[in-house]
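Below is one structure; the comments refer to it alone.
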Amino acid sequence: MDTLESRELRYFVAVAEELHFGRAAERLGMAQPPLSRAIQQLERRLGVRLLERNRRGVALTGAGETLLHEGRAALDATTAAARRTRRAGGADGSGRPRNRLVLAVKAASSHELLQKLLDAYAAEPGAAEVEVLPSGTCEQGEMLRDGRADVALMHAPFNSLAGFDGEELMTEGQIAVLPAGHPLAARATLTLAEVGAVPGLPLARWSRDGAYPPGPGPEIHDQRQLAQLIALGRTAAVFPESARAWLWAEHAAVPLSDAPPVVTHIAWPAHSRSLALAELVRTATRL
């Protein structure tokens with residue numbers, strides 16, 4: 001049997017991520033015995049062992065690792081299909097179909113480029129409505145894969161463009177954003193090591209794939225929170241040069257001498273056939 005049901009994939013992915021049948025059953029809102037039977041039936045159908053079970057818990061086999069990777073992608077694809085179909089079938093206040101694109105952007109970056117893009121595209125005949133969806137540091141790719149976004153502004157080397165089509169739009173340096181009164185704010189340049197080792201001024205932490213990296217810095221949920229914490233002298237952050245556009249008077253921006261350049265791309269799912277998306281990309285590359 002070479003076909004899999006989405007229900008089977010959801011069950012397996014839950015067990016593979018939790019590595020515990022009890023926790024997976026709780027996460028799925030079901031009893032443990034039918035979940036165990038479902039996984040055993042899946043293994044029999046595929047003719048391979050997906051999980052190694054012992055007293056210490058559950059571990060993935062090589063085949064299980066493969067199905068976890070492929071299963072996540074398949075579930076993302078089905079979720080994305082539902083979200084984009086619902087978006088395409090939405091209506092405006094008059095009942096007419098609503099032509100809309102969702103653009104994911106990293107919070108607090110590419111402001112000038114984004115404004116130019118939105119203004120230029122809005123001037124195009126028949127332009128779709130563009131909803132701008134701010135995201136964390138590395139969430140744009142996940143938002144494209146699961147259908148929350150149709151297109152994204154992504155930044156190499158921080159974002160991976162694997163699996164997406166894209167066009168390069170801009171290359172820029174990086175800056176450290178510090179409280180204006182901090183002694184380092186008067187420096188002409190700084191290094192990444194210097195910014196990461198300032199006593200009492202830990203670097204802010206953005207969510208990556210739903211989790212925050214370890215460290216003493218505060219967990220950041222949105223741009224306004226970050227701006228306020230920097231102004232209060234509680235944290236510092238590293239951003240592309242274009243982030244200067246949103247800085248407050250209480251902030252200082254110092255160029256980083258050893259940070260790699262940031263390349264901004266407009267990216268979209270490789271299988272997209274949206275005419276509105278194609279026009280947005282053409283507008284972006286003309287800027």
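1 is the number of the first residue of the sequence shown in the UniProt record's numbering; add one for each residue after it.
For each residue, glycine too, the CB sits at the ideal point set by N, CA and C.
task = Give me whichever residues DSSP pairs with G166 in a beta bridge.
result = G166 pairs with A267.
task = Determine the extent of the beta strand (DSSP E) in which S135 is found, giving its start and end residues.
result = 129–135
key: Uninterrupted beta strand (DSSP E) stretches inside the segment 222–275 (no shorter than 3 residues)   = 237–240, 251–255, 262–269
request  = Could you have a look at R83 and say whether DSSP puts it in helix, strand or coil?
outcome  = helix
query = Taking buried to mean at least 16 other C-beta atoms within 10 Å of its own C-beta, is Q174 buried or exposed?
reply = buried
ask   = Exposed or buried, what is W248 when buried is set at 16 or more other beta-carbons lying within 10 Å of its beta-carbon?
value = exposed
inquiry  = Can you tell me where the beta strand (DSSP E) holding M154 begins and where it ends?
reply    = 151–156
task = Could you tell me if R56 is buried or exposed, where buried requires 16 or more neighbouring beta carbons within 10 angstroms of its beta carbon?
result = exposed
ask   = When you compare each of R37, A81, E18 to L60 by their alpha carbons, which one comes out closest?
value = Cα-wise, what sits closest to L60 is E18.
Rounded Cβ spacing between L169 and T264 (contact assumed at less than 8 Å) = 5 Å
request  = Determine the closest residue to A267 out of E43, H221, A162, T66, with distance taken between C-alpha atoms.
outcome  = A162
query = If F12 and L75 are in contact, beta carbons under 8 Å, what's the gap, nearest whole angstrom?
reply = Going by Cβ atoms, the distance from F12 to L75 rounds to 10 Å, so no, they are not a contact pair.
A180 - partner residues in DSSP beta bridges = DSSP lists no partner for A180.
key: Straight-line gap, L87 to E142 (C-alpha atoms, nearest Å)   = The amino acid at residue 87 is misidentified as Leu; the sequence shows Arg. Rounded to the nearest angstrom, the two C-alpha atoms are 18 Å apart.
request  = Kindly indicate the opening and closing residues of the alpha helix (DSSP H) around L9.
outcome  = First-last of the alpha helix (DSSP H) with L9: 6–18.
inquiry  = For V151, would you say it is in contact with chain B, using Cβ-to-Cβ distances shorter than 8 Å as the test?
reply    = Here there is only one protein chain, and chain B is not present.
ask   = Among V102, R72, H69, which one has its Cα closest to the Cα of T85?
value = V102
ask   = Applying the criterion that 16 or more other CB atoms from any shown protein chain within 10 Å of the CB defines a buried residue, is P34 buried or exposed?
value = exposed
query = Would you report the Cα separation of I230 and T283, rounded to the nearest angstrom?
reply = Cα to Cα, the separation comes out at about 35 Å.
query = Within the chosen definition, does the segment 104–111 reach the segment 141–155 through at least 3 CB pairs nearer than 8 Å?
reply = yes
message = Using a Cβ-Cβ cutoff of less than 7 Å, which residues in the same chain neighbour V198 once the five nearest sequence positions on both sides are dropped?
response = L184, A236
query = Going by beta carbon distance, what residues of the same chain come within less than 6 Å of Y212, once the five residues before and after it are set aside?
reply = R205, E219
ask   = Anyone know if the C-beta pair for A176 and L226 falls short of 8 Å?
value = no
message = I need the straight-line Cα distance from S182 to G233, nearest angstrom please.
response = This sequence places His at residue 182; Ser is not what is there. So the two alpha carbons sit approximately 8 Å from each other.
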